[in-house]
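Peer 1:
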Amino acid sequence: MFRNQYDTDVTTWSPTGRLFQVEYAMEAVKQGSAAIGLRSRSHVVLACVNKAQSELSSHQRKIFKVDDHIGVAIAGLTADGRVLSRYMRSESINHSFTYESPLPVGRLVVRLADKAQVCTQWSWKRPYGVGLLVGGLDESGAHLYYNCPSGNYFEYQAFAIGSRSQAAKTYLERRFENFKESSREELIKDAILAIRETLQGETLKSSLCTVSVLGVDEPFHFLDQESIQKVIDTFEKVPEDEEDNAGEAEIGAVAPAEQGGSGDQDLAPMEM
Amino acid sequence: MTFTIPIENGNEVKNAEADSQRTLYPYVTGTSVVAIKYKDGILMASDMGGSYGSTLRYKNIERMKAIGKHSLLGASGEISDLQEILRYLDELILNDNMWDDGNSLGPKEVHNYLTRVMYNRRNKFNPLWNTLVLGGVKNGEKYLGMVSMIGVSFEDNHVATGFGNHLARPILRDEWREDLSFEDGVKLLEKCMRVLLYRDRSAINKLQIAKMTEEGVTVSEPYSLKTFWEFSAFTNPTVGAEGSW
């Protein structure tokens with residue numbers, strides 16, 4: 001993408017009918033570290049990679065609880081994400097107060113999208129530089145939405161955003177047809193495997209990822225490090241597992257790197 | 001609501017403009033509403049009278065209305081305020097339908113919305129002078145609740161407003177049970193309405209019974225209850241108490 005004379009203002013159209021500022025905002029999302037969401041009929045799992053500025057600092061929070069039945073994972077300008085999370089929490093709690101009933105996630109997502117759209121139509125504003133994966137429940141079950149800085153929103157069975165998300169998306173594309181009927185445990189495992197894809201060579205440790213779950217009978221909560229590590233151990237230690245073999249065979253170039261990485265850890269040697 | 005600065009005139013403080021913009025007394029009122037949960041949903045009964053003070057002025061007022069797909073509202077108290085509430089609810093349901101997303105407001109949500117409206121109006125000293133009964137069925141779950149003009153709200157298996165609280169609820173406490181059939185439910189409600197007809201001076205003998213189930217709302221055609229006025233207590237009321245009237 002190169003600069004051109006139509007990209008100074010968000011309210012300036014290009015001759016080809018594009019709003020470049022909005023598109024540049026979407027680029028900002030791609031710079032953030034990866035966030036992944038997937039859903040079954042009854043559960044939604046949101047996971048993200050923990051990136052810290054330096055070894056001295058802690059990692060930024062990228063997954064937020066909006067309500068017992070809604071969670072959001074962000075990628076991009078985390079400051080914008082924090083502000084939008086606060087808006088979502090506010091909308092959700094106001095609805096709960098008036099109607100004593102949870103705000104359907106589909107309605108929250110539309111309000112969020114309308115808020116983003118406003119920033120694309122006023123010259124004194126700028127688009128939000130953050131993509132949001134909103135997972136939640138409503139009357140018809142579990143839903144996963146992606147809210148874009150452009151003000152668009154889409155519903156997904158599974159999606160990944162942020163840097164190196166394409167690797168995760170490829171993994172998810174292969175497996176998404178099964179997700180609808182997946183159990184909670186399978187869904188969590190798939191989320192962590194998708195995270196592994198974005199790491200591309202780095203060893204997968206529970207300290208590197210944050211995983212959150214919500215479901216029909218399960219309020220939104222984060223999984224603790226132990227539980228995540230347990231799931232990681234199931235596929236890092238048992239390579240003759242059919243799924244993993246199939247997965248790793250197709251990954252191709254990534255697999256050998258994984259093996260090398262695992263060797264460094266005190267994990268059981270891969271029996272490939 | 002605008003306020004005028006009170007003008008001191010000796011001891012009397014005039015605040016006329018502000019007063020004329022808030023409800024002080026009810027004018028045209030409806031009397032009791034009685035409602036119960038039964039096997040398939042909710043049954044609600046009310047008469048069709050609108051009193052203007054002690055005059056039974058209007059005899060064709062429907063005090064029970066369907067709200068959306070899942071709820072039934074019954075109201076006693078000021079009729080014009082009921083009409084205002086129906087306008088609020090109409091807008092609420094309209095906006096809910098406009099989402100067109102498979103989600104809909106159920107009776108619990110409507111009840112809580114009304115509670116907020118009634119309580120906020122009471123806080124501004126400008127109440128909607130009604131006691132509302134909100135019943136409904138959604139996804140197999142029956143709901144029955146009440147909100148008063150000061151925002152007191154609760155749920156129960158049977159509710160009544162006004163005189164119904166004193167005359168109907170004791171009967172319901174004794175005779176209501178889980179899983180009443182439709183016929184038994186109607187009989188029970190008619191028993192309550194008959195007592196109210198005898199003893200509540202603002203009741204008229206023209207009532208409707210509304211039924212709310214998962215399938216929807218049906219409000220019956222108006223009909224009358226059979227009454228019997230030849231009880232010896234009525235024909236000779238002072239037989240037990242010499243000197244009384």
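From first to last, the protein sequence lines are chains A and B.
Be aware that the first sequence starts at 1, since it is given in full-length UniProt numbering, and climbs by one per residue.
Be aware that the second sequence starts at 1, since it is given in full-length UniProt numbering, and climbs by one per residue.
Cβ coordinates follow ideal geometry from the N, Cα and C atoms, glycine included.
The model shown is predicted, which means the values in this text are computed figures rather than measured ones.
In three-state DSSP terms, what is Glu243 of chain A?
Peer 2: The sequence position of residue 243 of chain A within the first sequence is 243, counting from 1. Residue placement at Glu243 of chain A cannot be trusted, given a pLDDT of 48 that sits under 50; the coordinates are not used to answer.
Peer 1: Please state the DSSP three-state secondary structure of Lys115 of chain A.
Peer 2: Here residue 115 of chain A corresponds to residue number 115 of the first sequence, with the count starting at 1. DSSP places Lys115 of chain A in helix when its eight states are reduced to three.
Peer 1: Under 8 Å between beta-carbons, which chain B residues line up against Arg107 of chain A? List them in chain order, please.
Peer 2: Indexing the first sequence from 1 puts residue 107 of chain A at position 107. By Cβ distance, chain B contributes Trp99, Asp101, Asn103.
Peer 1: Along chain A, in chain order, which residues have C-beta atoms closer than 8 Å to that of Tyr113 of chain B?
Peer 2: The sequence position of residue 113 of chain B within the second sequence is 113, counting from 1. Going along chain A in sequence order, the residues near Tyr113 of chain B (Cβ under 8 Å) are Thr98, Tyr99.
Peer 1: Determine the contact status of Val33 of chain B and Thr161 of chain B, defining contact as a CB-CB distance below 7 Å.
Peer 2: The residue labelled residue 33 of chain B in the question sits at position 33 within the second sequence. The residue labelled residue 161 of chain B in the question sits at position 161 within the second sequence. Yes, these two residues count as a Cβ contact at 7 Å.
Peer 1: With a cut-off of 8 Å on the beta carbons, I'd call Ser150 of chain A and Lys30 of chain A a contact; round off their distance for me.
Peer 2: Stepping through the first sequence from its first residue, residue 150 of chain A is reached at position 150. Stepping through the first sequence from its first residue, residue 30 of chain A is reached at position 30. With a Cβ gap of about 14 Å, Ser150 of chain A and Lys30 of chain A do not count as contacting.
Peer 1: For Arg116 of chain B and chain A, any beta-carbon pair shorter than 7 Å?
Peer 2: Against the second sequence, residue 116 of chain B aligns to sequence position 116. For Arg116 of chain B, the answer is yes, since a Cβ of chain A falls inside 7 Å of its Cβ.
Peer 1: Strictly by DSSP, which residues pair up with Gly215 of chain A?
Peer 2: Residue 215 of chain A sits at position 215 when you count from the first residue of the first sequence. Note: Gly215 of chain A sits in a beta bridge opposite A:His43, A:Glu218.
Peer 1: Per DSSP, what kind of secondary structure is Val238 of chain A in: helix, strand or coil?
Peer 2: On the first sequence, residue 238 of chain A is found 238 positions in, with the first residue counted as 1. Caution applies to Val238 of chain A, whose pLDDT of 46 falls short of 50 and renders its modelled position unreliable; the model cannot decide the point.
Peer 1: Buried or exposed, going by whether 16 or more other CB atoms sit within 10 Å of the CB of Thr29 of chain B?
Peer 2: Within the second sequence, numbered from 1, the residue matching residue 29 of chain B stands at position 29. Answer is buried; the Cβ neighbour count reaches 16.
Peer 1: Could you tell me how far apart the beta carbons of Val211 of chain A and Ile188 of chain A are, in whole angstroms, since I believe they sit closer than 8 Å?
Peer 2: The residue you call residue 211 of chain A lines up with position 211 of the first sequence. The residue you call residue 188 of chain A lines up with position 188 of the first sequence. With a Cβ gap of about 6 Å, Val211 of chain A and Ile188 of chain A count as contacting.
Peer 1: So what does Met146 of chain B bridge to, in DSSP terms?
Peer 2: The residue given as residue 146 of chain B occupies position 146 in the second sequence. Paired residues: B:Val133, B:Phe154.
Peer 1: Residues in the same chain with beta-carbon distance under 6 Å from Tyr58 of chain B, minus the five sequence neighbours each way, listed in chain order, please.
Peer 2: Along the second sequence, read from residue 1 onward, the residue named residue 58 of chain B stands at position 58. Within the same chain, Tyr58 of chain B has close Cβ partners Gly50.
Peer 1: Could you please give the first and the last residue of the uninterrupted alpha helix (DSSP H) stretch that includes Arg89 of chain A?
Peer 2: Mapped onto the first sequence, residue 89 of chain A falls at position 89. Per DSSP, Arg89 of chain A belongs to the alpha helix (DSSP H) from 78 to 99.
Peer 1: If Ser76 of chain B sits next to Arg63 of chain B, beta carbons under 8 Å apart, how far is it from one beta carbon to the other, in whole angstroms?
Peer 2: In the second sequence, counting from the first residue as 1, residue 76 of chain B sits at position 76. In the second sequence, counting from the first residue as 1, residue 63 of chain B sits at position 63. Confirmed, Cβ separation roughly 7 Å.
Peer 1: I need the boundaries of the beta strand (DSSP E) containing Leu196 of chain B, first residue and last residue.
Peer 2: Within the second sequence, residue 196 of chain B is the residue found at index 196, counting from 1. Unbroken run through Leu196 of chain B is the alpha helix (DSSP H), 182 to 199; no beta strand (DSSP E).
Peer 1: Mind reading off the beta-carbon distance from Ser148 of chain B to His111 of chain B? Whole number of angstroms is fine, and I expect it under 8 Å.
Peer 2: Numbered from 1 along the second sequence, position 148 holds the residue referred to as residue 148 of chain B. Numbered from 1 along the second sequence, position 111 holds the residue referred to as residue 111 of chain B. Not quite, the Cβ-Cβ distance comes to about 12 Å (not below 8 Å), so this is no contact.
Peer 1: Touching or not, the stretch 45 to 52 of chain A and the stretch 196 to 211 of chain A, by the rule of three or more beta carbon pairs under 8 Å?
Peer 2: They touch, by the three-pair rule.
Peer 1: Determine whether the beta carbon atoms of Phe220 of chain A and Gly71 of chain A lie at a separation below 7 Å.
Peer 2: Residue mapping note: residue 220 of chain A aligns to position 220 of the first sequence, counting from 1. Residue mapping note: residue 71 of chain A aligns to position 71 of the first sequence, counting from 1. Yes, the pair counts as a contact, with Cβ atoms nearer than the cut-off.
Peer 1: State yes or no: is the C-beta of Ala34 of chain A within less than 7 Å of the C-beta of Ser165 of chain A?
Peer 2: The residue labelled residue 34 of chain A in the question sits at position 34 within the first sequence. The residue labelled residue 165 of chain A in the question sits at position 165 within the first sequence. Going by C-beta atoms, Ala34 of chain A is nearer than 7 Å to Ser165 of chain A.
Peer 1: Can you name the residues of chain B whose CB is closer than 9 Å to the CB of Pro104 of chain A?
Peer 2: In the first sequence, residue 104 of chain A corresponds to position 104, counting from 1. Close to Pro104 of chain A, with beta-carbon spacing below 9 Å, are these residues of chain B in chain order: Trp99, Asp101, Gly102, Asn103.
Peer 1: Please name the residue in A:Ile195, A:Thr120, A:Ile192 whose C-alpha comes closest to that of Leu19 of chain A.
Peer 2: Position 19 of the first sequence, counted from the start, is the residue given in the question as residue 19 of chain A. The candidate whose alpha carbon is nearest that of Leu19 of chain A is A:Thr120.
Peer 1: Taking 7 Å as the threshold (C-beta atoms), are Leu172 of chain A and Ala194 of chain A in contact?
Peer 2: Residue 194 of chain A sits at position 194 when you count from the first residue of the first sequence. Residue 172 of chain A sits at position 172 when you count from the first residue of the first sequence. Yes, the Cβ-Cβ distance between Ala194 of chain A and Leu172 of chain A is below 7 Å.
Peer 1: If contact means a Cβ-Cβ distance below 7 Å, which residues of the stretch 52 to 77 of chain B contact chain A?
Peer 2: none
Peer 1: Taking its Cβ as the centre, do 16 or more other Cβ atoms sit within 10 Å of Asn147 of chain A, making it buried, or is it exposed?
Peer 2: The sequence position of residue 147 of chain A within the first sequence is 147, counting from 1. Answer is buried; the Cβ neighbour count reaches 16.
Peer 1: Hey, is Glu109 of chain B's beta-carbon within less than 7 Å of any beta-carbon in chain A?
Peer 2: Taking the first residue of the second sequence as 1, we reach residue 109 of chain B at position 109. Chain A, which has a Cβ nearer than 7 Å to the Cβ of Glu109 of chain B, makes this yes.
Peer 1: Quick check on this structure: which residue in A:Asp224, A:Ile228, A:Ala167 has the alpha carbon closest to the alpha carbon of Thr198 of chain A?
Peer 2: Numbered from 1 along the first sequence, position 198 holds the residue referred to as residue 198 of chain A. Per the Cα distances, A:Ala167.
Peer 1: Tell me, to the nearest whole angstrom, how far the beta carbon of Glu181 of chain A is from that of Ser40 of chain A; I am working on the premise that it is less than 8 Å.
Peer 2: Here the question's residue 181 of chain A lines up with position 181 in the first sequence. Here the question's residue 40 of chain A lines up with position 40 in the first sequence. Contact between Glu181 of chain A and Ser40 of chain A holds: CB atoms are separated by about 7 Å, below the 8 Å threshold.
Peer 1: Please go through the same chain and pick out, in chain order, the residues whose beta-carbon is closer than 6 Å to the beta-carbon of Gly81 of chain A, but skip the five residues on each side of it.
Peer 2: Taking the first sequence and counting its residues from 1, one reaches residue 81 of chain A at position 81. Once the five neighbours on either side are set aside, the close Cβ partners of Gly81 of chain A are Ile74, Val130.
Peer 1: Could you list which residues in chain B have their beta carbon closer than 7 Å to that of Glu139 of chain A, in chain order?
Peer 2: The residue labelled residue 139 of chain A in the question sits at position 139 within the first sequence. In chain order: Gly102, Asn103.
Peer 1: From the DSSP output, in three-state form, read off Gly164 of chain B for me.
Peer 2: Taking the first residue of the second sequence as position 1, residue 164 of chain B is located at position 164. Helix at Gly164 of chain B.
Peer 1: Can the beta-carbon of Ala142 of chain A be found less than 7 Å from the beta-carbon of Ser227 of chain A?
Peer 2: Mapped onto the first sequence, residue 142 of chain A falls at position 142. Mapped onto the first sequence, residue 227 of chain A falls at position 227. No; because the gap between Cβ atoms is not below 7 Å, this pair is not in contact.
Peer 1: State the Cα-Cα distance for the pair Val137 of chain B and Trp124 of chain A, rounded to the nearest angstrom.
Peer 2: Taking the first residue of the second sequence as 1, we reach residue 137 of chain B at position 137. Taking the first residue of the first sequence as 1, we reach residue 124 of chain A at position 124. Using only the alpha carbons, I get a separation of about 49 Å.
Peer 1: Label Thr218 of chain B either buried or exposed according to how many other C-beta atoms from any shown protein chain fall within 10 Å of its C-beta, with 16 as the threshold for buried.
Peer 2: Residue mapping note: residue 218 of chain B aligns to position 218 of the second sequence, counting from 1. Counting Cβ neighbours within 10 Å, Thr218 of chain B comes out exposed, since fewer than 16 surround it.
Peer 1: Are the Cβ atoms of Met212 of chain B and Gly135 of chain B separated by less than 7 Å?
Peer 2: Within the second sequence, numbered from 1, the residue matching residue 212 of chain B stands at position 212. Within the second sequence, numbered from 1, the residue matching residue 135 of chain B stands at position 135. In this structure, Gly135 of chain B lies closer than 7 Å to Met212 of chain B by Cβ.
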